[in-house]
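So the structure is just underneath, and the comments pick up after that.
Numbering (the working numbering), first residue to last: 337 to 449.
Here is the structure:
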């Protein structure tokens, strides 16, 4: 992989093809998987980002501040696995730690009893 992506990085990647209500098209996403996994596998786990006005427990708002230019909500219950060696992608920026912690907290609830 030409760029070493780590958890919390925002990339733009093509999500198509899609089915049903899945996110589609060229869009931003947050890298969920850690750097070590991404470097070993060529795969990354991603959470898509949407500019929807809807509210949902599994959405994490990206803070509106001068340090983060990406806007929207991270959709933590639509985790996708992508082989980035086979897709075009663009690194955008890295989110602050507090957002990453919030995302991981939401994802963890998906796997609890």
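Idealized CB from N, CA, C, for every residue including glycine.
Item	Value
What are the uninterrupted segments assigned as beta strand (DSSP E) that are 3 or more residues long and contained completely in the stretch 404-431, given in chain order?	409-411, 416-419, 425-430
Pull the bridge partners of residue 345 from the DSSP assignment, please.	430
Quick one, which of 340, 432, 407 has its alpha-carbon nearest residue 388's?	407
Could you spell out where the alpha helix (DSSP H) holding residue 377 opens and where it closes?	371-377
I'd like the list of long-range same chain contacts for residue 419, defined as Cβ closer than 7 Å, with 5 residues on each side in sequence excluded.	378, 379
If you follow the beta strand (DSSP E) that residue 395 is part of, which residue opens it and which one closes it?	395-397
Apart from the five residues just before and just after residue 413, which ones in its own chain have a Cβ nearer than 7 Å to its Cβ?	394, 446
DSSP state of residue 440, grouped into three classes?	helix
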